[in-house]
Amino acid sequence: MSPKYILNYFNIQGKAEVARLLFHCKGVEFTDNQINFEDWPSQKSDHSRFPLGQMPTLEVDGHVFCQSAAINAYLAETFGLYGANASDRLIINQVIETMNDLWNDYYDIWKNKTLDNEQREEAFAELLVKDTTKLKLTFLESLLKRNHDGHGFFVGDSITLGDLVFYHTTGMADKSLLNGFPLLTELNDRVRHSAELKSYLDSRTHPPMP
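If you read the sequence shown in this note's numbering, its first letter stands for residue 2, the second for the next number, and so on.
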C-alpha cells in the first residue's frame, strides 16, 4: 500500500513548492493542506503536527517530519529524483546550495521593512546585475553544460530535484534574472512545459509570496 502523504504549508508557493513539484512530477497522490495565514496562530502550537512551530511539515502515514530541505531530499530519494549515484547528488546539491544563496540575497531585500516599494525595486534591479549574481548563474550554466552540452537537465535524462529547485527559485525572482543565460532559460522552459508538470503549473493559483 502506498504511504499516505499530507503536506502542510501556507497557501503560497514559498518553502513547500519544491515538495509539491516533486509529488506532481512523479504523479504521487498527496493532500496539499494549505493553511490561511489568519488561521496559523491558532494551529502553530500543535507540536504534534508542527514540532518546531513552523511549516512546512510532511506527514507520512501519521509520522510528522519538518524542515523543507530534509523533506525535499526525502521525497526526491523516495521518488527516484535525486540522481543515479553520489556524483549526480553532488551536482544536484551544488545547484541547491547555489540557488539557496541566490534566494537569500533576494529575500534579504524583500523582507527589509526600511525600504519603500520604489527602493525595493531598485535594490532588486541592482542585485540582478551584481557580479556575485552573475558568478552564481555562470557556475550553474557550466554545471548544466556538463550534461548533454546543456540541452537537457543538470544530471541524467530527466528532471531531478536540482532542476526543480532551480525552476522554483528563479520563478520567485524577476524574469530578467536569466537574461544572458540562454541554456538556463531553456532549462526553465523545459521544466515548465514538461509532460509531468505542465498540467499542474497551468492550473496553479497560489502566489509565490504573500
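Positions of the beta carbon are idealized from the N, C-alpha and C atoms, including for glycine.
Check                                                                                                                                                                   : Outcome
What is the rounded straight-line gap between the Cα of L165 and the Cα of T186?                                                                                        : 14 Å
Can you tell me where the alpha helix (DSSP H) with F11 in it begins and where it stops?                                                                                : Taken as a continuous stretch (DSSP letters only), F11 belongs to no alpha helix (DSSP H), being part of the beta strand (DSSP E) at Y6 to F11.
Check whether the Cβ atoms of Y201 and H25 sit closer than 8 Å, and answer yes or no.                                                                                   : yes
Looking at P209 and I13, is the spacing between their C-beta atoms short of 8 Å?                                                                                        : yes
Where does V61 sit, in a helix, a strand or coil, going by DSSP?                                                                                                        : strand
Using the C-alpha atoms, what's the distance from G163 back to I97?                                                                                                     : 6 Å
T79 by DSSP, collapsed to three states: which one?                                                                                                                      : helix
In this structure, does DSSP put D106 in helix, strand or coil?                                                                                                         : helix
Specify whether the region 150-162 and the region 100-118 touch according to this definition: at least 3 beta carbon pairs, one from each stretch, less than 8 Å apart. : no
F59 and L23: beta carbons closer than 8 Å?                                                                                                                              : Per the sequence shown, the amino acid found at residue 59 is Leu instead of Phe. Cβ atoms of L59 and L23: not closer than 8 Å.
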